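Heads up: the structure comes next, in structure tokens.
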Amino acid sequence: MSNKMWGGRFSRGPDAVMEAINASIDFDRRLFAQDIAGSRAHADMLAKQGIISSEDAEAINHGLNTILSEIEAGTFEFSRALEDIHMNVEARLADLIGPAAGRLHTARSRNDQVATDFRLYVRDSIDRLDASLHALQGALAARALEHADTVMPGFTHLQSAQPVTFGHHLLAYVEMLARDRGRFADARARLNQCPLGAAALAGTSFPIDRHATASALGFSAPMANSLDAVSARDFVLETLSAASICAIHLTRFAEEIVIWSSAQFRFISLSDAFSTGSSIMPQKRNPDAAELVRAKAGRIIGALVALATVMKGLPLAYSKDMQEDKEPAFDALDSIELAILAMTGMVTDMTPNTEAMRKAAGSGYSTATDIADWLVRGKGMPFRQAHHVTGRIVALAAGRGVALEDLPLGDIEAIDPAIDAGVLEVLGVDKSVASRTSFGGTAPQNVRAQAESWLRRLAGEA
Ligand code: ARG
């Protein structure tokens, strides 16, 4: 049997393989709520403009409500022969209300319909992601306040560099996530124009009111060019770019959780709720959630690359290639949300081992810069010379296998005439972090103020 939605000029139905490659219902059924919202706005507008009768619009709305409840209740029968969500809904509408259903598709096409549905879906996803990123920032800022003066090693090249506080480290991620939220918000603002009414590609001869449908669906305006309206998928690309960058940020933190929870570092431990065991090695506690967050970035970046590759070189306007926009985007948006939730869980769950952090913070001569700075500040020595003198002090300590603060003062003084007992004031990790009071620096007072300011700001956004 030929397709009842578009089969007028066809004498028979599609080959099974044709149906398999063509149908999108298995994945685009996710768009049902957006599809129904779009159809309701369209039907209302058609009635208001006198294009269909208000009785028909009422029947259509009634039928669409029934379909929405059927889908939500899981009783709706999706059919592959009907290809996609749009035709599944319309066919069911015809069962429910008869020929009036056929008037719904006046002055519209599946091309503007799918573009509208997908914009609405991506917009909803961005709103959910923003809320979960907000929660993650809150969890990080709360732990940062708690650990504003917990000393840990700061690293460069994963080598102990200078002591920092654990709170400072956590707040670095709060800043990154703020930029991620900004990128999603920018994408949202740009995507929030309505394609509906662009019809297949050229607009329509019916006296529609695109401003009315745009505003009914919460868009800021109708898209100004009908060809662009049905062809554009940069809103998905942009959202996936923001998701990829956000995922990359999460992987950096995930990697740190993997490192920190290792037996070699022991900076943090995760509770049973966020660890897994090994089926062969009874002693193991594995940070699987962190590893999976680290890995999820693969599929998220993959989705961006997949869609960019689909869109590249596509002539205007709609081509069926564009049906391939959804699966990777759905998967990436699900994955980034789950990764954010897992990260939030781990941040709240982890117990920092402050002893181990403090011990590590002092190792590797991490306060050497403080001695050099002291020589510059207190003794007027040029920094390069101070660097050299300090290097000799480090070599002395390294030769003896002791920490800088364990060298006898006399031995330090012997290295350069400029050195006196004042140097003792800067030795030690607490003094080191306390001295870093420059704007954005790691001094506990800065960290406390930053954490408090973030917590206030986040509470104001809630
Ligand atoms: N299922 C299609 C998609 O997702 C809907 C648009 C179909 N348009 C068309 N001209 N065949 O892209």
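Per my numbering, residue 1395 is the first one in the sequence shown, and the count goes up by one each step. Ideal Cβ positions, reconstructed from N, Cα and C, are used throughout, including at glycine. All of these numbers come straight from a predicted model, not from anything done at the bench.
Taking C-beta atoms under 8 angstroms as the contact rule, residue 1837 and residue 1827 qualify, at a distance of about 6 angstroms.
Taking C-beta separations shorter than 7 angstroms and ignoring five residues to either side along the sequence, the partners of residue 1786 in its chain run 1809, following chain order.
Collapsing the DSSP output to three states places residue 1671 in coil. Minimum Cα-Cα distance from residue 1584 among the listed residues 1778, 1465, 1812, 1615 corresponds to 1615.
Residue 1776 and residue 1762 have their alpha carbons spaced roughly 16 angstroms apart. Counting along the chain, the unbroken beta strand (DSSP E) around residue 1548 starts and ends at 1545 to 1550. Annotation for residue 1577: 1636, 1639 place their beta carbon closer than 7 angstroms to its own, counting only its chain and skipping 5 residues before and after.
Shown here, residue 1838 sits in a helix according to DSSP, grouped into three states. When the five nearest sequence neighbours on each side are left out, the beta carbons in the same chain lying within less than 6 angstroms of the beta carbon of residue 1418 are those of 1478, 1717, in order along the chain. Taking residue 1572 as the centre and dropping the five residues before and after it, the same chain places the C-beta of 1531 closer than 8 angstroms to its C-beta, in chain order. When secondary structure is reduced to three states using DSSP, residue 1677 falls in the coil class, being assigned neither helix nor strand.
Relative to the non-hydrogen atoms of ligand 1, the Cβ of residue 1716 comes within a distance shorter than 7 angstroms of at least one. With a cut-off of 7 angstroms, the C-beta of residue 1480 is classified as near ligand 1, since at least one heavy atom of the ligand falls inside that distance. Setting aside the 5 residues that flank it on each side, residue 1525 has no residue in the same chain whose C-beta is closer than 6 angstroms to its C-beta. Proximity of the beta carbon of residue 1484 to ligand 1 is not indicated: no heavy atom of the ligand is located closer than 7 angstroms.
Take the alpha-carbon of residue 1533 and the one of residue 1801: they are about 41 angstroms apart.
Residue 1662 and residue 1742 have their alpha carbons spaced roughly 12 angstroms apart. Per DSSP, reduced to three states, the secondary structure at residue 1553 is strand.
Around the C-beta of residue 1841, 16 or more other C-beta atoms lie within 10 Å, and the residue is accordingly described as buried.
In this structure, DSSP gives residue 1446 a state outside helix and strand, which the three-state scheme calls coil.
By the criterion of a C-beta distance shorter than 8 angstroms, residue 1429 is surrounded in its chain by 1479, 1480, 1483, 1507, 1511, once the five residues flanking it on both sides are discounted. For residue 1396, the shortest C-beta to heavy atom distance toward ligand 1 is 7 angstroms or greater.
In this structure residue 1703 is exposed. Its beta-carbon is surrounded by fewer than 16 other beta-carbon atoms within 10 angstroms.
1758 is the residue among 1546, 1854, 1758 whose C-alpha sits nearest the C-alpha of residue 1553. Residue 1734: member of the alpha helix (DSSP H) spanning 1720 to 1743, first to last residue.
In the structure shown, residue 1700 adopts helical secondary structure according to DSSP, grouped into three states. For the pair residue 1396 and residue 1405, the Cα-to-Cα distance works out to about 6 angstroms. Distance from the CA atom of residue 1760 to the CA atom of residue 1832, rounded to whole angstroms, is 19 angstroms.
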